[in-house]
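Protein chains in written order, with UniProt numbering: chain A, 1 to 292; chain B, 1 to 323. Here a beta-carbon is modelled for each residue, glycine too, at the ideal position from N, C-alpha and C. Just so we're clear, the structure is a prediction, and the values are computed from it rather than from any experiment. What follows is a short report on a single structure.
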Amino acid sequence: MAVTTPGRPTRLSTFRARLSAPRLLGVPLVWLLVAFNVCVGLWMLLSSVKSASEIFTDPWTLPHSLHLDNWARAWSQGQFGQAAANTVIVVGGTALGTLLLAAPAAYVLSRVATRWNGGLIMFFTLGLGVPAQVVVLPLFVVLDDLNLIDTLQGLCLVYIASSLPFTVFFLTGFFRTLPVELEEAASLDGASPLRTFAQIMLPLARGGLITVLILNIIQHWGETVFALVFIQDTSHQTLSLALLGFLQQMQYNGADWGGLFAGVAMVVLPLLVLYVWLARRIIEGMTVGSVK
Amino acid sequence: MTAVTTERPSSVPSGPGPARARAGRRRASPLLAGRRRLFWPLVLPALLVYTGMFAGPSLFTAWLSLNKWAGAGPMEFVGLRNYRRLFADPVFEHSFVNTLWIVFGVGGLTFAAAFGLTMVLREMRGRKAARAVLFFPNIVPSVALSILWGFLFQYGGLVDSVVKALGLQHPPNWLGQSDLFRVIAIGLVWTSTGFYTTILMAAVDQIPPELYEDCDLAGAAAWQKFRHVTLPLMWDVVGVCAVLWTISAVKVFEFIYTFAGAAGQMPDASVWNTALYTYGEAFASDGVPSYGTAAASAVVMLALVGVLVGLIRRVMRRDAVQF
Numbered sequence: 001m002a003v004t005t006p007g008r009p010t011r012l013s014t015f016r017a018r019l020s021a022p023r024l025l026g027v028p029l030v031w032l033l034v035a036f037n038v039c040v041g042l043w044m045l046l047s048s049v050k051s052a053s054e055i056f057t058d059p060w061t062l063p064h065s066l067h068l069d070n071w072a073r074a075w076s077q078g079q080f081g082q083a084a085a086n087t088v089i090v091v092g093g094t095a096l097g098t099l100l101l102a103a104p105a106a107y108v109l110s111r112v113a114t115r116w117n118g119g120l121i122m123f124f125t126l127g128l129g130v131p132a133q134v135v136v137l138p139l140f141v142v143l144d145d146l147n148l149i150d151t152l153q154g155l156c157l158v159y160i161a162s163s164l165p166f167t168v169f170f171l172t173g174f175f176r177t178l179p180v181e182l183e184e185a186a187s188l189d190g191a192s193p194l195r196t197f198a199q200i201m202l203p204l205a206r207g208g209l210i211t212v213l214i215l216n217i218i219q220h221w222g223e224t225v226f227a228l229v230f231i232q233d234t235s236h237q238t239l240s241l242a243l244l245g246f247l248q249q250m251q252y253n254g255a256d257w258g259g260l261f262a263g264v265a266m267v268v269l270p271l272l273v274l275y276v277w278l279a280r281r282i283i284e285g286m287t288v289g290s291v292k
Numbered sequence: 001m002t003a004v005t006t007e008r009p010s011s012v013p014s015g016p017g018p019a020r021a022r023a024g025r026r027r028a029s030p031l032l033a034g035r036r037r038l039f040w041p042l043v044l045p046a047l048l049v050y051t052g053m054f055a056g057p058s059l060f061t062a063w064l065s066l067n068k069w070a071g072a073g074p075m076e077f078v079g080l081r082n083y084r085r086l087f088a089d090p091v092f093e094h095s096f097v098n099t100l101w102i103v104f105g106v107g108g109l110t111f112a113a114a115f116g117l118t119m120v121l122r123e124m125r126g127r128k129a130a131r132a133v134l135f136f137p138n139i140v141p142s143v144a145l146s147i148l149w150g151f152l153f154q155y156g157g158l159v160d161s162v163v164k165a166l167g168l169q170h171p172p173n174w175l176g177q178s179d180l181f182r183v184i185a186i187g188l189v190w191t192s193t194g195f196y197t198t199i200l201m202a203a204v205d206q207i208p209p210e211l212y213e214d215c216d217l218a219g220a221a222a223w224q225k226f227r228h229v230t231l232p233l234m235w236d237v238v239g240v241c242a243v244l245w246t247i248s249a250v251k252v253f254e255f256i257y258t259f260a261g262a263a264g265q266m267p268d269a270s271v272w273n274t275a276l277y278t279y280g281e282a283f284a285s286d287g288v289p290s291y292g293t294a295a296a297s298a299v300v301m302l303a304l305v306g307v308l309v310g311l312i313r314r315v316m317r318r319d320a321v322q323f
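Written out as structure tokens, the structure is:
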């Protein structure tokens with residue numbers, strides 16, 4: 001008896017709390033928002049295989065006939081095929097290049113104490129607050145000098161430089177959480193510091209490296225500001241530029257909503273697949289640094 | 001050989017204090033010396049790329065904002081004239097006000113929604129799934145989101161049909177000049193809420209549940225629990241969120257730019273923020289590009305981020321509650 005009584009009011013009040021007004025209103029509201037997101041996604045997919053008039057007249061029905069020609073038109077005429085290839089090259093190159101530069105730097109910044117560490121980490125971190133518009137004008141001059149305007153390499157280089165602040169910041173934090181003992185053991189066994197880094201630390205840090213790689217890919221998949229400024233020729237455009245170009249074409253060639261939705265789906269679907277596969281990792285990677 | 005092995009163990013315990021012993025070990029360790037030699041070779045590549053392609057250009061923009069320059073040819077030093085011209089330009093003034101609306105108005109709504117969702121999600125069934133769906137817009141490119149959002153508000157589009165079903169016969173022209181910015185603002189709330197909800201939820205998850213049980217015993221209402229338990233214990237995280245929001249709010253570009261869609265190069269100037277103004281001055285204006293004013297506008301953006309982040313840190317600074 002004495003044991004059960006303290007539990008009772010708690011259970012009663014949680015029961016009452018379950019029925020309180022905020023919850024009665026809140027829970028359906030949350031599911032309404034969730035439903036909204038899901039519906040927008042479904043509606044995008046459905047519309048991408050409908051005729052233009054059907055998109056307006058029957059937004060919620062299944063398509064009468066599958067208009068896969070929307071996808072074909074977007075892929076070839078809308079140049080999404082070329083843009084997708086360009087995007088994969090730029091995004092892949094950027095992600096690898098960023099890691100190649102940031103991982104070694106973050107390693108020594110977190111592990112080798114010199115009087116420069118604090119200042120350098122601060123210097124990199126400050127870059128997090130700099131909007132793209134601030135660097136774009138001088139960067140144009142720099143890339144022009146290097147003859148890299150309107151090239152995928154140039155865009156890659158800009159992306160790498162602009163993602164270093166976050167990557168260095170993220171990885172210094174991550175390397176700090178790894179145990180020191182293994183490194184010490186390796187060097188006692190006679191491994192050189194460089195070898196210790198490559199063969200002991202990098203495999204240990206695999207989780208953090210993969211997370212930062214995925215975040216980098218997500219971030220650049222639809223990047224627009226830099227691409228808009230540094231890419232001019234449609235044969236070099238990335239997916240976001242292809243979308244904007246398609247929108248502008250519709251002005252002259254009439255509204256091709258089906259094709260537009262197919263284009264949007266081509267941009268969103270790869271991310272959705274990645275998200276379904278790795279949601280936990282993506283969410284934690286993007287948010288965990290702010291809490292801990 | 002033997003001289004070395006006998007000398008080392010004797011020297012360490014003979015040190016007078018722990019501080020001396022640590023210093024001795026640091027000097028002796030070949031591991032640290034070797035790693036120190038590694039420091040600059042591993043930092044420099046990243047540092048050079050970052051300085052040459054990002055940090056350096058930012059500084060150069062500050063210098064550019066004090067000059068008159070048409071993209072080619074020599075620069076002419078004009079002092080603060082670019083800034084005076086900027087603040088005299090009604091389009092810039094409007095863009096700046098819009099940026100403030102995004103930072104504070106959209107920010108306020110986003111945080112209110114995120115807090116509300118956090119409170120509901122805290123004890124809801126299926127919270128992980130709900131959170132995952134609400135978070136997803138955050139990783140979708142803004143261009144795609146903006147197209148979808150704009151299409152919802154098209155004439156005769158989905159929003160119109162919902163509004164008509166609710167009994168309003170003549171829905172407003174959502175994408176007309178008077179309402180477009182509001183439509184954009186609500187869209188921004190939609191795309192950013194999930195991210196902050198997730199961060200706040202992670203913070204709430206670290207609060208010991210006993211505290212809430214205590215509140216229940218004391219008969220606290222939901223609002224009191226939020227005010228006296230949740231908020232104080234996640235104050236630091238709220239501060240971090242505010243900083244992250246400020247930075248990303250000033251950067252907002254694609255979501256607005258895409259609304260140019262059917263209208264040509266740039267959207268209507270009434271929805272510009274400073275990011276669009278900067279871009280427009282430099283790359284999309286009809287006449288000679290005015291790089292000086294564009295740079296000045298960019299510096300104003302950077303200064304705004306700096307001032308706001310400084311203010312947030314000052315306001316949020318207080319003793320963290322240990323738990």
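Give the residues of chain B in contact with residue i, contact being defined as C-beta atoms less than 8 Å apart.
i: Ala102/A; result: Ala46
i: Phe169/A; result: The premise fails here: Phe169/A is roughly 12 Å from chain B at the closest Cβ pair, so nothing lies under 8 Å.
i: Leu192/A; result: The sequence shown places Ser at residue 192/A, not Leu. The answer, in chain order, is Gly34.
i: Ser110/A; result: Near Ser110/A there are no residues of chain B at all, since even the closest Cβ is about 11 Å away, more than 8 Å.
Taking only three categories from DSSP, how would you classify residue i?
i: Lys50/A; result: coil
i: Asn67/B; result: strand
i: Phe77/B; result: strand
i: Glu183/A; result: helix
i: Met201/A; result: helix
i: His64/A; result: coil
i: Gln133/A; result: helix
i: Ala263/B; result: Only weak support is given to the placement of Ala263/B: the predicted model assigns it a pLDDT of 49, under 50, and the question is left unresolved by the model.
i: Trp190/B; result: helix
i: Arg281/A; result: helix
i: Val315/B; result: helix
i: Trp221/A; result: helix
i: Asp58/A; result: coil
i: Asn173/B; result: coil
i: Val101/B; result: The amino acid occupying residue 101/B in the given sequence is Trp; Val does not appear at that position. Correct three-state label for Trp101/B: helix.
i: Arg26/B; result: Because the pLDDT of Arg26/B is 47, which lies under 50, any placement of that residue in the model is unreliable, and the question is left without a value.
Thinking residue i and residue j are a contact (beta carbons under 8 Å), I'd like their distance in whole angstroms, please.
i: Val168/A; j: Ala106/A; result: 5 Å
i: Val112/A; j: Cys156/A; result: About 29 Å separates the two Cβ atoms, so there is no contact after all.
i: Met201/B; j: Thr118/B; result: 5 Å
i: Glu281/B; j: Ser297/B; result: 6 Å
i: Leu276/B; j: Ile247/B; result: The pair is not a contact, with the Cβ atoms about 17 Å apart (cut-off 8 Å).
i: Ile199/B; j: Thr287/A; result: 5 Å
i: Phe181/B; j: Asn98/B; result: 7 Å
Taking only beta-carbon atoms, is residue i less than 9 Å away from chain A?
i: Asn138/B; result: yes
i: Tyr83/B; result: no
i: Arg37/B; result: yes
i: Ala185/B; result: no
i: Ser95/B; result: no
i: Ile207/B; result: no
i: Leu152/B; result: yes
Answer with yes or no whether the minimum CB distance from residue i to chain B is below 9 Å.
i: Ala132/A; result: yes
i: Val3/A; result: Confidence at Val3/A is low in this model, with a pLDDT of 42, below 50, so the placement of that residue should be treated as unreliable; the coordinate-derived value is given next. Chain B, which has no Cβ nearer than 9 Å to the Cβ of Val3/A, makes this no.
i: Ile149/A; result: no
i: Trp257/A; result: yes
Please list the partners that residue i has in chain B, where partner means a Cβ-to-Cβ separation under 7 Å.
i: Arg176/A; result: Residues of chain B passing the Cβ test: none, with the nearest at roughly 15 Å.
i: Leu24/A; result: Within chain B, no residue comes near Leu24/A; the closest Cβ sits about 10 Å away, beyond 7 Å.
Residue i touches chain A at which residues, Cβ-Cβ below 7 Å?
i: Val133/B; result: Val34, Asn37, Val38
i: Phe283/B; result: Val229
i: Ser192/B; result: Simply none; closest approach about 12 Å.
i: Pro141/B; result: Trp221, Gly222, Ser240, Val267
Report the neighbours of residue i on chain A: residues whose CB is nearer than 9 Å to its CB, in chain order.
i: Gly156/B; result: Phe56
So with CB distances below 9 Å, who are the chain B contacts of residue i?
i: Pro59/A; result: Gly157, Leu158, Ser161
i: Gly285/A; result: The contacting residues do not exist; Gly285/A stays about 11 Å from chain B at best.
i: Gly127/A; result: Tyr50, Phe54, Ala55, Ser58
For this session: Name, going along the chain, the residues of the region 225-244 of chain B whose beta-carbon falls closer than 8 Å to a beta-carbon of chain A.
Result: Residues Val237, Val240, Cys241, Leu244.
Exercise. Relative to chain A, which residues along the region 290-306 of chain B have a C-beta separation below 9 Å, given in chain order?
Worked result: Only Tyr291, Ala294, Ala295, Ser297, Ala298, Val299, Met301, Leu302, Val305, Gly306 from the region 290-306 of chain B bring a Cβ to less than 9 Å from some Cβ of chain A.
For this session: Using a Cβ-Cβ cut-off of less than 7 Å, give me the residues of the region 43-56 of chain A that come near chain B, in sequence order.
Result: Listed in sequence order: Met44, Phe56.
Exercise. According to a CB-to-CB cut-off of less than 9 Å, which residues of the region 113-124 of chain B neighbour chain A?
Worked result: Within the region 113-124 of chain B, the residues whose Cβ lies closer than 9 Å to some Cβ of chain A are Ala113, Gly116, Leu117, Met119, Val120, Leu121, Glu123, Met124, listed in chain order.
Problem set entry | Residues in the region 213-240 of chain A having any Cβ partner in chain B nearer than 8 Å | So the close ones are Ile218, Trp221, Gly222, Glu223, Thr224, Val225, Leu228, Val229, Leu239, Ser240.
Exercise. Listed from N- to C-terminal order along the chain, which residues in the region 247-262 of chain B have their beta-carbon within a distance smaller than 9 Å of any beta-carbon of chain A?
Worked result: For the region 247-262 of chain B, which is checked against every Cβ of chain A, the residues closer than 9 Å are Ile247, Val250, Lys251, Phe253, Glu254, Tyr257, Thr258, Ala260, Gly261, Ala262.
For this session: Give the residues from the region 53-69 of chain B that approach chain A closer than 7 Å (Cβ to any Cβ), ordered along the chain.
Result: Within the region 53-69 of chain B, contact with chain A at the beta-carbon level (separation under 7 Å) is assigned to Met53, Phe54, Ala55, Pro57, Ser58, Phe60, Thr61, Leu64.
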